[in-house]
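Quick notes on the structure that follows.
There are 6 protein chains.
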Amino acid sequence: MRIVVTNCNTTQSMTEEIVRGARAAAGPGTTVLGLTPTWGPESAEGWLDSYLSAAAVLDTLRTYQEQEDHDPYDAVVMAGFGEHGREGVRELVDVPVVDITEAAAHLACLLGRRYGVVTTLERSAGQIEDSLYTAGVARNCAVVVGTGLGVLDLGDQERTEAAFVAAAERARDAGAEVLVLGCAGMTGLQRAVGEKLGMPVVDGVGAAVKLAESLVSLGLTTSRAGGYAKPLPKRRTWARPGAPPSE
Amino acid sequence: MRIVVTNCNTTQSMTEEIVRGARAAAGPGTTVLGLTPTWGPESAEGWLDSYLSAAAVLDTLRTYQEQEDHDPYDAVVMAGFGEHGREGVRELVDVPVVDITEAAAHLACLLGRRYGVVTTLERSAGQIEDSLYTAGVARNCAVVVGTGLGVLDLGDQERTEAAFVAAAERARDAGAEVLVLGCAGMTGLQRAVGEKLGMPVVDGVGAAVKLAESLVSLGLTTSRAGGYAKPLPKRRTWARPGAPPSE
Amino acid sequence: MRIVVTNCNTTQSMTEEIVRGARAAAGPGTTVLGLTPTWGPESAEGWLDSYLSAAAVLDTLRTYQEQEDHDPYDAVVMAGFGEHGREGVRELVDVPVVDITEAAAHLACLLGRRYGVVTTLERSAGQIEDSLYTAGVARNCAVVVGTGLGVLDLGDQERTEAAFVAAAERARDAGAEVLVLGCAGMTGLQRAVGEKLGMPVVDGVGAAVKLAESLVSLGLTTSRAGGYAKPLPKRRTWARPGAPPSE
Amino acid sequence: MRIVVTNCNTTQSMTEEIVRGARAAAGPGTTVLGLTPTWGPESAEGWLDSYLSAAAVLDTLRTYQEQEDHDPYDAVVMAGFGEHGREGVRELVDVPVVDITEAAAHLACLLGRRYGVVTTLERSAGQIEDSLYTAGVARNCAVVVGTGLGVLDLGDQERTEAAFVAAAERARDAGAEVLVLGCAGMTGLQRAVGEKLGMPVVDGVGAAVKLAESLVSLGLTTSRAGGYAKPLPKRRTWARPGAPPSE
Amino acid sequence: MRIVVTNCNTTQSMTEEIVRGARAAAGPGTTVLGLTPTWGPESAEGWLDSYLSAAAVLDTLRTYQEQEDHDPYDAVVMAGFGEHGREGVRELVDVPVVDITEAAAHLACLLGRRYGVVTTLERSAGQIEDSLYTAGVARNCAVVVGTGLGVLDLGDQERTEAAFVAAAERARDAGAEVLVLGCAGMTGLQRAVGEKLGMPVVDGVGAAVKLAESLVSLGLTTSRAGGYAKPLPKRRTWARPGAPPSE
Amino acid sequence: MRIVVTNCNTTQSMTEEIVRGARAAAGPGTTVLGLTPTWGPESAEGWLDSYLSAAAVLDTLRTYQEQEDHDPYDAVVMAGFGEHGREGVRELVDVPVVDITEAAAHLACLLGRRYGVVTTLERSAGQIEDSLYTAGVARNCAVVVGTGLGVLDLGDQERTEAAFVAAAERARDAGAEVLVLGCAGMTGLQRAVGEKLGMPVVDGVGAAVKLAESLVSLGLTTSRAGGYAKPLPKRRTWARPGAPPSE
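Chains as they are written, first to last, in my numbering: chain E, 2 to 248; chain R, 2 to 248; chain A, 2 to 248; chain D, 2 to 248; chain S, 2 to 248; chain Z, 2 to 248.
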């Protein structure tokens, strides 16, 4: 099967890292295609970024599936932790859609009574909480904590690991028995940190790939019988005409 | 004071109607400026539309406030019932931001023990429920019901009124003691329907204007001390480069 | 328009301070009339005081509106933070009723993701939590904290301010991005403290005046279609006959 | 032991009926004393009545315990279903306090997964819901339904029984497996109706007497370590000076 | 009346201690019979123990009531704090069933606004939280804290008391105004600790006995009209045939 | 990998049917081993059955893993919809454990805004609701409805399908956009019914197999850092000594 993974920002190197993580998780018969939005924020950190990202990701998928020669795909994985857009993509495409936020939470619920999310900046905590709530998996979330590192600061492995471990200890004190990596760019941390802390650490990208494969293999896709019906046909303009494209 | 009211779609006539409603509610010293996004959906009905609308509204406000000669303004009213973007606008601008969804609910809570929302299509109910929840005012919402009419079908006054009354009766049976008009384009219905039903009917546009005036007059604006801190400086691209701008 | 503001206790000087706060918030065309109960507690601090106060405030309004020559009024503001009686007044009068507890919370919800209430004694926290819950605005309340000062101890500005700031820091640590002054007698603190803390501070008296004006100006009043129907006609005795009136 | 049972209204015949019910439930060593407020509503049906009743009941107990020659008592049962005042009485007296609303719900939770409350007028449902919520026992309440009969209409046994059975069937359809009699004056119905419906029917007066006896016999009383600390000493006026005492 | 008290484990000395506690609480006309399961865990500490215990307790009661010459009984008290099985016993027997977990919580709700549970090992907290939730009394539970002592370590009175007091202080800091002894084997602690802490301390065994007596005396028993209908007749095997009976 | 699937009852033919369903869902490299308890109920329908089943399933797994020559396994799937024992098995084994109740709900959350469960007898609804709640996935469950058919009545395909469709329509009216088959023995219905209703239908057995494979493939297993620590070493007796093994 073929899974399209959408980055939530315009940073190509992050798409590549996400695709690496997705491929590492994917089963033998699964192909992964990464899509990078051609517009939107270079990283999503806050509500404005998140809403901008949501429209850009929708546009990216819409444009992709309108290409005459595009390869068919079986599922979409949305790789923006806590970012918006999930329900819109469910309306747009006919295949199952799994967002890494909800995916990590779903698996975390199976591994312990309470899980904690460790994310980048504290300011993202609210978005993540709302995203977990609307996905229906907030009840067993003990806490969302920030490391104080921005998305693009995650390069320094050592500092990131130290910040992550410190934040994870706060999550454990708040009752978490399982940790969730609250950023697509944290994928590499999973094993190292898990060993240090003696707790399972769930990465959303891997989790979402497995859930997408599961749905596809069971022949399940998004219900059209309610809120995720197809978008109504109407005039939509997807970009500001004649305006300078970037800030 | 000066209030900017943003339509959530590209339909200029709806902006005009919304501005009329806003002006009718505004106090003597208040000026209302309506902004219509130059891109986005012609009407917002569903999640995809809503996320597209959120980015377009953010872009519209961003562009407006970057114009060298723009008039200063004291508050923003977001006139898309159940649409996304609210928190992003709170990050973007330095003045108070009031969304018509939350505004109507806040006032409705003061008028009865439970309120009901009557909206256009049933498919919008989920978005509205989530929006009320994250705004912190869902607890006293008895139900969200649809009239089955699309946003652009609201022109036929008589049919709209009949559909609204039928839906409102379902809301009352579910425990609503107050009604909320769940669409910016319903503003005209308020008085006629209220009399027929013997229940107060709250229109979000008027409610939001009064709340915006209240905040301005009390010298209150959005807290920067948490999730609504200013957007971080970074590269953001607000439009798809080199692509045909509309569908 | 004319707004009646009811103090929840018998201390005339507090009524005067509340009226000053209300007038400062009121729009140009608004007149404020303060009513002081002739019976009840001299300050409301705890459940017994609160229930005694509720009956006395109801009696005060009932007596006022039964006076043949009373001036008409357009709204009632109830100025007892966390005190009971709100729903009873909604039954009693035909104009909109706004309680300062709910009013502050409604506006606070518009200014940040979570708000915290700073009140006088810790023992009042439970009442305030219940009042916010039944008003439908508890969801975004991060915490209610006490300063340890009684209502009648608020006179010493410096000590009050210091106690308030200390309590507000606890609220911020609990996630509050906005503060609510949890006592009518704290009205003066708002600006000084807000600057020190870099957070918006909402005073219930001002908030309630603006919400009352908003409802009146939109032509909205309490629904009679449910729990706030008019009191049934029956024999009610409003005071202990022939007993010594005070403790 | 000696239990004081307070009626919530001024109707002496209702006190007598309540006392009969209390005595029927009381253990062999328990004496029951009924107190009727000398002021307040003749029946409590709605919020205004409820707040008036709360102050009158507090005053009644306060006056009683200030009588030099009053008999000591071991517990207070408050016999107003859904009426206010419970927490104030907990502050006032040094013995355990049990309200019939919470008492019925506590026992009902032990008898089935969900219980339903059948009360007099629909307008009381909101008060009862709030009372159950703040007592901490709302979670297993399936529904509160009204019979449409006023408190003082309960005299006609046959009509009352028919109305009760009809309402109880609605409660059962909403998931109730146990019924709660939502009015002190319904005490007589319990056995007849229970047999007709094949469901346990809990009467609050009997339930409260047994819970009060339980607490006394276990040596337990209200905690003073938090919200139910003793009322602070201060000036309180319990009656409107110089005013005609009744309406 | 006659109450059967079931220990949740196979330790006869704990049954004896529980029976002593039950008898101390029981009214003059009440006889207490303790039953010790002949299989199951020697102490219940964790989920596996709890599920094993549930089946063993059910089997113990089933076997007892199938004995031709068994004495009749009027109620069952289940003396395993936080242990499973409650609803199964409600199906099995025709008399009221009270579990000590819920019983303590019900009484605690009457004594303060929030209660805290002090249990043995931290690992039991989750079970207790779930048990309170499904019993419908979790809302007013401030916290469940562990002393770090195992069930069979409670013998050393002094150490137990010190550990309990330390844990209770954590509960108080979390808002508890009332304490619940979270283990049947803690019954002795109640008075000593209560005095040290100035807070009421509720023991589940005593609470359950009083609630069972209350239900019996009011003629109330489990509803058969829903989830607690009688077990369906079918083939059930209650023990592993031909296998070594113990580990 | 090798997955052990435990039936919750002693009916060998149901184990076989479950294993067939599990194999149909399993990936190419996955082997499925079905275990049938040698004791317990022949079908689990109600609380007593469920607790008996929980102990029997624990014993079955314990016995299996104590066999010297048992094949190693990588995950456990528990195939009793709404039955107890999940957390105990998590303590017992070192591999991931997935219960079909939670599994179906996790996948259903990815497919629509609300899901509904269609189960056998109405009396099981409460257990299922509690199981979803404690698993952390109840929030998006619109309703649990019964077909009125017992577990062992599911043989008649046509009647079962008709009853299922009728119940599913009730679920849809309650807001469900996705259906969950609420019984392991319903596995065959999935495709036929899904087509008739135009809604995705999730079978717990398939869902649990995919989730178990996902966890194994991601190297994740149950956290030992909290409530699911290994059972403490102690004396446990797993069978009633000297008693006739079956009813």
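Heads up, the beta-carbon is just placed ideally off N, CA and C, and yes, glycines get one too. These numbers come from a predicted model, not from an experiment.
Please list the residues of the region 69 to 89 of chain E that have a C-beta atom closer than 9 Å to any C-beta atom in chain R, keeping them in chain order.
Correct list: 85, 86, 87, 88, 89.
Apart from the five residues just before and just after residue 133(R), which ones in its own chain have a Cβ nearer than 6 Å to its Cβ?
106, 139, 142
Cα separation between residue 11(Z) and residue 233(Z)?
Residue 11(Z) and residue 233(Z): Cα-Cα distance of roughly 28 Å.
Assign residue 85(R) to one of two classes, buried (16 or more other C-beta atoms within 10 Å of its C-beta) or exposed (fewer than that).
buried
Among the residues of its own chain, which have a CB less than 8 Å from the CB of residue 214(R), if the five just before and after it don't count?
2, 4, 27, 28, 31, 76
What are the uninterrupted segments assigned as alpha helix (DSSP H) that are 4 or more residues long and contained completely in the region 137 to 178 of chain Z, given in chain order?
You should have 158 to 174.
In the DSSP assignment, the beta strand (DSSP E) including residue 79(Z) goes from what residue to what residue?
76 to 80
Does the beta carbon of residue 321(S) come closer than 9 Å to any beta carbon on chain D?
In the structure as shown, chain S starts at 2 and stops at 248, and residue 321(S) therefore has no counterpart that could be examined.
At 8 Å on the CB atoms, spell out the chain A contacts of residue 54(R), in chain order.
Under the 8 Å cutoff, chain A gives no residues; its nearest Cβ is about 20 Å from residue 54(R).
Would you mind sorting residue 91(S) into buried or exposed? The rule is 16 or more other CB atoms within 10 Å of its CB.
buried
With a threshold of 16 other CB atoms inside 10 Å of the CB of residue 211(A), please say whether the residue is buried or exposed.
buried
Interface partners of residue 235(A) on chain D, CB under 7 Å:
42, 43, 44
Under 8 Å from the C-beta of residue 36(S): neighbouring residues of chain Z:
Here the premise fails: no neighbours, minimum Cβ distance about 13 Å.
Does residue 110(A) get closer than 9 Å to chain R when you measure Cβ to Cβ?
yes
Helix, strand or coil: how does DSSP classify residue 117(A) here?
strand
Between the beta-carbon of residue 178(E) and the beta-carbon of residue 227(Z), is there less than 9 Å?
yes
CB contact below 9 Å: residue 232(A) versus chain R:
No, residue 232(A) does not count as interfacial toward chain R.
Give the straight-line distance between the Cα atoms of residue 198(S) and residue 127(A), rounded to the nearest whole angstrom.
21 Å
Cα-Cα separation between residue 239(E) and residue 89(R), rounded to whole angstroms:
Approximately 19 Å, taken between the alpha carbons.
CB contact below 9 Å: residue 219(D) versus chain S:
yes
Interface residues of chain D facing residue 211(S) [CB-CB closer than 9 Å]
Those are 211, 212, 214, 215, 216, 218, 219, listed as they occur along chain D.
Mind checking whether residue 111(S) and residue 97(D) have CB atoms under 9 Å apart?
yes
Return no unless some Cβ of chain E is closer than 9 Å to the Cβ of residue 229(R).
It does; some Cβ of chain E falls within 9 Å.
Thinking C-alpha only, which one of 165(Z), 64(Z), 61(Z) is nearest residue 202(Z)?
When each option's Cα is compared against that of residue 202(Z), the closest is 165(Z).
With residue 216(E) as the anchor, note down where its beta strand (DSSP E) starts and where it stops.
Run containing residue 216(E): none in the beta strand (DSSP E); it sits in the alpha helix (DSSP H), 205 to 218.
Under three-state DSSP, which class holds residue 102(E)?
If DSSP states are grouped into helix, strand and coil, residue 102(E) belongs with the helices.
Rounded separation between residue 175(S) and residue 117(S) - CA only:
8 Å
N-terminal and C-terminal residue of the beta strand (DSSP E) that residue 5(E) is part of
3 to 8
Roughly how many whole angstroms lie between the Cα atoms of residue 121(R) and residue 45(R)?
11 Å
What separation, rounded to the nearest whole angstrom, lies between the Cα atoms of residue 173(D) and residue 22(S)?
Their backbone Cα atoms lie some 38 Å apart in a straight line.
Suppose contacts are defined by Cβ-Cβ distances below 9 Å. Is residue 195(S) in contact with residue 124(S) by that definition?
With respect to residue 124(S), residue 195(S) sits apart: the two C-beta atoms are not nearer than 9 Å.
Less than 9 Å between the C-beta atoms of residue 25(S) and residue 101(S), yes or no?
no
Collapsed DSSP secondary structure at residue 64(D) in the structure displayed:
helix
Please determine, among 171(R), 170(R), 157(R), the residue with the shortest C-alpha to C-alpha distance to residue 187(R).
157(R)
Burial state of residue 185(Z), where buried means 16 or more other Cβ atoms lie within 10 Å
buried
So, residue 54(E) versus residue 38(E), is the Cβ gap smaller than 9 Å?
yes
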